[in-house]
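Residues 43 to 304 (my numbering) are what the sequence shown spells out, left to right.
All C-beta atoms in this analysis are idealised placements derived from N, C-alpha and C, irrespective of residue type, glycine included.
For reference, the structure is listed below as structure tokens.
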Amino acid sequence: MNRILLASAFLLAGLSTLCAAEAPPLPAAAAPLMKSPAVKLVEPHLHIARSNISGHARIALTFDACMGQADERILSTLVRARIPATIFVTARWLKHNPAALAVFLQNPDLFELENHGENHIPAIDTPTLVYGIASAGSPQAVKQEVEGGAAAMTAAGIPAPHWFRGSTAKYDLSAIGEIRAMGYRIAGYSVNGDGGSLLGAVITEKRIASAKDGDVVISHINQPTHAAGEGVAKALVDLKMKGTEFVRLEDVEDMGDDKTTE
Ligand SMILES: [Zn+2]
């Protein structure tokens, strides 16, 4: 029995795109919501236009900076190998990581910075729980999460964002419509690189290094103490050696499902 429970827990961790270890505490008021009817949630896919050149797969690396610190293993590899990437930052993360922000801003040819929200609250306009985190719960709260993230970015000297990715990468369809109406494209992904930063280094490296032409990889750049980051950094080198063309989301055509980009 215990073994089954453990296996299920590991499976969940593997599938999750959330940095669970950094989940904000559950507000007391959210507890009764656990019994509320299930909201239909989607976790949209995103692909980019392929290069269609054999041996030169085109891949968009995306990193979430949810809260916590900056992962220097990943950041220094990106800078040293001159690998472009799209970084989704929250207002919370920006406040605590001025040095990493400075590196991003000093390398505008490498880093596109986009909106991961104000407080890392799932952008779902109905009350529910995702991995134990209370959703925004109303259209007004979704709007605040998105606008609060953007306001912190521009206040920090970052160009106004055009892409949004919510905490947990899950949404309900009405919230997708609301965020699209605010002028954003919504960033899904096609390869879950690090399982919410909870996977081991070897499996993370394998997952990311196996990305194919047209893939959008999600992983985390805010968990310097997790083994996953070591795997991410190694995979970057693996991909570079393979002749990968790295692009940012702003550089290419894209195709997202669930009406996230059309
Ligand atoms: Zn996040």
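Rounded to whole angstroms, the Cβ separation of A165 and A80 is 17 Å, and the two are not in contact under 8 Å. Taking the Cα of E114 as reference, the smallest distance to any Cα among D300, I263, A277, L281 is reached at I263. By the neighbour-count criterion, in which 16 or more other beta carbons inside 10 Å mark a residue as buried, N94 falls on the exposed side. A residue is called buried when at least 16 other Cβ atoms come within 10 angstroms of its Cβ; K254 does not meet this threshold and is exposed. For the pair V233 and V274, the CB atoms are not nearer than the 7 Å cut-off.
In this chain, the beta strand (DSSP E) harbouring D296 covers 296 to 298.
When DSSP states are grouped into helix, strand and coil, A223 belongs to the helix group. L281 sits in a helix when the DSSP states are folded into three classes. Counting only residues of its own chain and dropping the five nearest sequence neighbours on each side, G199 has a CB closer than 7 Å to the CB of L147. Note on G97: under 16 other CB atoms within 10 angstroms of its CB, so exposed under the neighbour-count rule.
Beta-bridge partners of I129 (DSSP): F105, L155. One alpha carbon belongs to R92, the other to A144, and they sit about 32 Å apart.
The continuous stretches of beta strand (DSSP E) do not include E160, and DSSP gives it neither H nor E. The DSSP assignment places 243 to 251 as complete runs of the alpha helix (DSSP H) inside the region 224 to 258, in order along the chain (cut-off: 4 residues).
The C-alpha of R222 is placed about 19 Å away from the C-alpha of P201.
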